[in-house]
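Note sheet for the following structure.
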Amino acid sequence: MVLHHRSRYGRYAGGPDPLAPPVDLSEALEAVAEDVMAGYSPRHALEEFLRRGGRNREGLDQLAARVQQRRKDLLGRHRLDGTLNEVRKLLDTAVLEERKQLARDAMMDNTDRSFREMQLQNLPASTAAAVNELASYDWQSGTAREAYDRIKDLLGREVLDQRFAGMKQALENATDEDREAVNGMLRDLNGLLDKHRRSEDTDADFREFMARHGSFFPENPQSVEELIDALAKRAAAAQRLLQSMSPEQREELMRLSAQAFGSPELMAQLDQLGSSLRALRPGEDWSGSERFEGQEGLGLGDGTGVLQDVAELDSLAEQLSQSYNGSALDDLDLDALARQLGQDAAVTARTLAEIERAMRDGGYLRRGADGDLRLSPQAMRRLGKSLLRDTAKQLSGRQGRRETRAAGAAGDQTGSSRQWEFGDAGPWDVTRTMTNAIRRTVAEGRDPGRGFRLGVGDIEVTETEARMQAAVVLLVDVSFSMAAEGRWVPMKRTALALHHLVSTRFRGDRLQLVTFGRYAQSMDIAQLTALPALREQGTNLHHGLLLAGRFFRQHPSMQHVLLVVTDGEPTAHLLADGDSWFNWPPDRETIRATVTELDRLGRAGVQATFFRLGDDPGLARFIQRLARRIDGRVVAPDVGGLGAAVVGEYLRAHVRSSYGGSEWDL
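Using the working numbering, read the sequence shown as starting at 15 and increasing by one per residue.
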């Protein structure tokens, strides 16, 4: 016998798509790094990115706003008198039809007719009281009796719909057998919960119950705990619904409930169920209430469903706030988010969770010795590459300027290679290029012996290093004015781009980063990137030049290159005892100490470039005099072009030293 297996295909619904490409972290990494450079902690920066989202993606704050709007719409659209209005309409219909019958029945005894008319005329104003008073009335009209019986049926279905979603529709036109099936389910359910409260139930008890009554539970619980969770959420919402009504509405409904299906046993079973669920899940909100202000009437079941939605929205709002201890986006209930806001919201939240997980677990953030998160070296490299690429575009856009990725091509081979990038003019590493092509061909399941084609991704170019190595000091001003004037982050971006260029393209060079405020300090790139904006006053260029001179003396055989980024005149200098002397306006002794140290560097052959930020005429004159003393250069870039200016001057100094002082216009 041959068995034919038929395959079925559909949209994947089992969580994150295993075949989906990895989430793109470039935007998140750049945004986090930007905030870190502005003074945020990496943890705070990541949280801020997740809150505001990306260029084409909602963030947590937008999702939370949609949750709050959905909650407001639900409460603003509905009111809670739907069941009472339905009962009143059925009661009015029954009374009207009965009066018609009394009027046209000529054979009826006049005394009996008058008594009946008086009963109908003097019914209580309360709907519940009128329904109860007519419970024993002997209806003469079949239509009236049918309308009155529908009140009991409606109340029974609404009361059940409060506890079990969908019962109102499922039991419409129900037979006595259907009602008995409900009573049987309630008896068995109360028995199961009673055993569970005493810890006497077994898995077999649950399986037997579901086999018999599973059709009543569309949630398809897989354990008694899941069953209790679903029932308790619904029951708590039903309780909040009653507490959201006015006292008059609540009293009316409580009195009407006694007429449900005309079955006191049903109400007794439901009361027992409510008590059991409250004891088993005391943590549910059994005492809350909401204010409904709309015009669309809701029945008991639908109102309970709305309050379940409101509770689910409140839970989503808390999850999206991420304000509780140990919060993470993996906590988000994506199914609930899809139910309330649509599948697009769930996809957005899943992507944000993947970004958070990838940033934390993918090596871009690492925990330091103090327990706090920091940008990892991997993140710094990736960010530096991106910044250098942006800088290269700025440089290549200048007339007569040389594109940065050609830098270092004229020189001795380092023995290493890298993947070819657009614009590379260096020689190919033929051996590695061919090896890459062969490996790719084999991986694709083809025989390279029958020939193969080179792909762009196969090509590697030989790396070279410049013939003259350089010791480079980047002196960056970290006085308060740099942060106050919006130059703090551009300064850090500049340092990171230069650091990446030196560490990847000019590996023989040595780069020292020195900050100078009230004091000067040598820093590695990670320290500088994470440096918070300083509010202390002082521009101690003198101390910075001292540290630069010490670094140059440690590398006597290299070409010495000094790059100074500042937006103010020196206002501090280092005293003999190590203290910093500050004065504004600049003190004569501060200027003398700064110029003396600069002259010392000039006599040692240092190539210096000053990058002046801002339009202060006094600063411009002072910087120009400093540069003239040591045959240096002055560049006055705007803040956005600082990175390109510094990298361009580094390359200019490098090429000039490598080619005997020829003036290459980079």
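Think of the CB as a built atom: it goes at the ideal place given N, C-alpha and C, for glycine as much as any other residue.
Arg-91 to Val-81 span [Cα, whole Å]:
Looking up residue 91 in the sequence shown gives position 77. Looking up residue 81 in the sequence shown gives position 67. The C-alpha of Arg-91 lies about 16 Å from the C-alpha of Val-81.
Does Asp-212 come out as helix, strand or coil in the three-state DSSP assignment?
Along the sequence shown, one-based indexing puts residue 212 at 198. Per the sequence shown, residue 212 should be read as Arg rather than Asp. DSSP places Arg-212 outside both helix and strand once states are collapsed to three, so it counts as coil.
If you count every other CB in all the chains shown that lies within 10 Å of the CB of Ser-493, and 16 or more means buried, which is it?
As a working note, residue 493 is residue 479 in the sequence shown. Counting Cβ neighbours within 10 Å, Ser-493 comes out buried, since at least 16 surround it.
Whether Thr-125 touches Ala-158 by CB criterion (9 Å):
Here residue 125 corresponds to residue number 111 of the sequence shown, with the count starting at 1. Here residue 158 corresponds to residue number 144 of the sequence shown, with the count starting at 1. For Thr-125 and Ala-158, no; Cβs fall outside 9 Å.
Measuring straight from C-alpha to C-alpha, what distance separates Glu-147 and Leu-137?
Within the sequence shown, the letter at position 133 stands for residue 147. Within the sequence shown, the letter at position 123 stands for residue 137. Taking the straight line joining both Cα atoms gives about 8 Å.
Every unbroken alpha helix (DSSP H) within the region 523-552, with a cutoff of 4 residues, ordered by chain:
Entirely contained in the region 523-552, the alpha helix (DSSP H) runs reaching 4 residues are, in chain order, 539-544.
Would you identify the three-state DSSP class for Gly-654, choosing helix, strand or coil?
To locate residue 654, count along the sequence shown from 1; it is residue 640. Here Gly-654 sits in helix by DSSP.
So, is the C-beta of Glu-370 closer than 9 Å to a C-beta in chain B?
Here chain B cannot be found, since the structure has a single protein chain.
Opening and closing residue of the beta strand (DSSP E) in which His-569 lies
Along the sequence shown, one-based indexing puts residue 569 at 555. In this chain, His-569 is not harboured by any beta strand (DSSP E), its DSSP state being neither H nor E.
Taking 9 Å as the cut-off, decide whether the C-beta atoms of Thr-405 and Val-648 are in contact.
If you number the sequence shown from 1, residue 405 lands on position 391. If you number the sequence shown from 1, residue 648 lands on position 634. For the pair Thr-405 and Val-648, the CB atoms are not nearer than the 9 Å cut-off.
From what residue to what residue does the beta strand (DSSP E) around Ala-179 run?
Here residue 179 refers to the residue found at position 165 when the sequence shown is read from its first residue. For Ala-179, no beta strand (DSSP E) run applies, since DSSP gives it neither H nor E.
Using a Cβ-Cβ cutoff of less than 7 Å, which residues in the same chain neighbour Gln-322 once the five nearest sequence positions on both sides are dropped?
The sequence position of residue 322 within the sequence shown is 308, counting from 1. Apart from the 5 residues on each side of it in sequence, Gln-322 sits with its Cβ closer than 7 Å to the Cβ of Lys-247, Arg-248 and Ala-251 in its chain, given in chain order.
Between Leu-105 and Ser-271, how many whole angstroms is the CB-CB distance? I'm expecting something under 8 Å.
Sequence index remark: in the sequence shown, residue 105 carries index 91 (1-based). Sequence index remark: in the sequence shown, residue 271 carries index 257 (1-based). About 15 Å separates the beta carbon of Leu-105 from that of Ser-271, a gap too long to meet the 8 Å contact definition.
Among Arg-626, Thr-189 and Val-444, which one has its Cα closest to the Cα of Gly-582?
Reading the sequence shown from its first residue, position 568 is the one you call residue 582. Distance from the Cα of Gly-582 is smallest, within the candidate group Arg-626, Thr-189 and Val-444, for Arg-626.
So what does DSSP say about Trp-502, is it helix, strand or coil?
Numbered from its first residue, the sequence shown carries residue 502 at position 488. Trp-502 falls in the helix class under three-state DSSP.
Enclosing alpha helix (DSSP H) for Thr-623 [first to last residue]:
Within the sequence shown, residue 623 is the residue found at index 609, counting from 1. That residue, Thr-623, is in no alpha helix (DSSP H); its beta strand (DSSP E) goes 621-626.
Taking the straight line between their C-alpha atoms, what separation do you get for Ala-681 and Leu-615?
The structure shown does not extend to residue 681, since the chain is modelled only from 15 through 680, so no value can be given for it.
Relative to the C-alpha of Val-443, which candidate in Gly-465, Arg-464 and Ile-473 has its C-alpha closest?
Within the sequence shown, numbered from 1, the residue matching residue 443 stands at position 429. Here residue 443 is Asp; the residue named in the question, Val, does not match the sequence. With distances taken between Cα atoms, Asp-443 lies closest to Ile-473.
Could you check which residue in Leu-294, Leu-203, Glu-214 and Asp-208 has the C-alpha nearest to that of Phe-223?
The sequence position of residue 223 within the sequence shown is 209, counting from 1. The shortest C-alpha separation from Phe-223 is found at Leu-203.
With burial defined as no fewer than 16 other Cβ atoms inside 10 Å of the residue's Cβ, what is the status of Met-121: buried or exposed?
Counting from one through the sequence shown, the residue named residue 121 turns up at place 107. Exposed: under 16 other Cβ atoms inside 10 Å.
What number of angstroms, rounded off, separates the C-alpha of Arg-666 from the C-alpha of Ala-484?
For the purposes of this step, residue 666 is taken as residue 652 along the sequence shown, with counting starting at 1. For the purposes of this step, residue 484 is taken as residue 470 along the sequence shown, with counting starting at 1. The straight-line gap from Cα to Cα measures roughly 12 Å.
Rounded to whole angstroms, what is the Cα-Cα separation between Gly-471 and Gln-433?
To locate residue 471, count along the sequence shown from 1; it is residue 457. To locate residue 433, count along the sequence shown from 1; it is residue 419. Roughly 7 Å between the two C-alpha positions.
Three or more C-beta pairs under 8 Å: does that hold for the region 454-463 against the region 550-557?
No: the two stretches stay apart, fewer than three of their Cβ pairs being nearer than 8 Å.
Whole angstroms is fine: what's the gap from Glu-266's alpha carbon to Leu-314's?
In the sequence shown, the residue the question calls residue 266 occupies position 252. In the sequence shown, the residue the question calls residue 314 occupies position 300. Roughly 13 Å between the two C-alpha positions.
With 16 other Cβ atoms within 10 Å as the buried cut-off, status of Trp-598:
Counted from its first residue, the sequence shown places residue 598 at position 584. Exposed.
Helix, strand or coil: which one does DSSP assign to Gln-433?
The sequence position of residue 433 within the sequence shown is 419, counting from 1. For Gln-433, the secondary structure class from DSSP, reduced to helix, strand or coil, is strand.
Specify whether the region 295-309 and the region 51-65 touch according to this definition: at least 3 beta carbon pairs, one from each stretch, less than 8 Å apart.
No, the region 295-309 is not in contact with the region 51-65.
Kindly indicate which residue of Arg-221, Ala-359, Arg-127 and Val-50 has the alpha-carbon position closest to the one of Leu-510.
One-based indexing of the sequence shown puts residue 510 at position 496. The residue among Arg-221, Ala-359, Arg-127 and Val-50 with its C-alpha nearest the C-alpha of Leu-510 is Val-50.
Give me, in chain order, the residues of the same chain whose beta-carbon lies closer than 8 Å to that of Gly-469; leave out the 5 immediate sequence neighbours on both sides.
Counting from 1 along the sequence shown, the entry for residue 469 is found at position 455. Contacts found: Ala-451 and Arg-454.
If we count Cβ pairs, one from each stretch, closer than 8 Å, do we get three or more for the region 493-504 versus the region 631-649?
The region 493-504 makes no contact with the region 631-649; the number of CB pairs closer than 8 Å stays below 3.
Three-state secondary structure assigned by DSSP to Glu-474:
Here the question's residue 474 lines up with position 460 in the sequence shown. Glu-474 carries a strand assignment under DSSP once its states are collapsed to helix, strand and coil.
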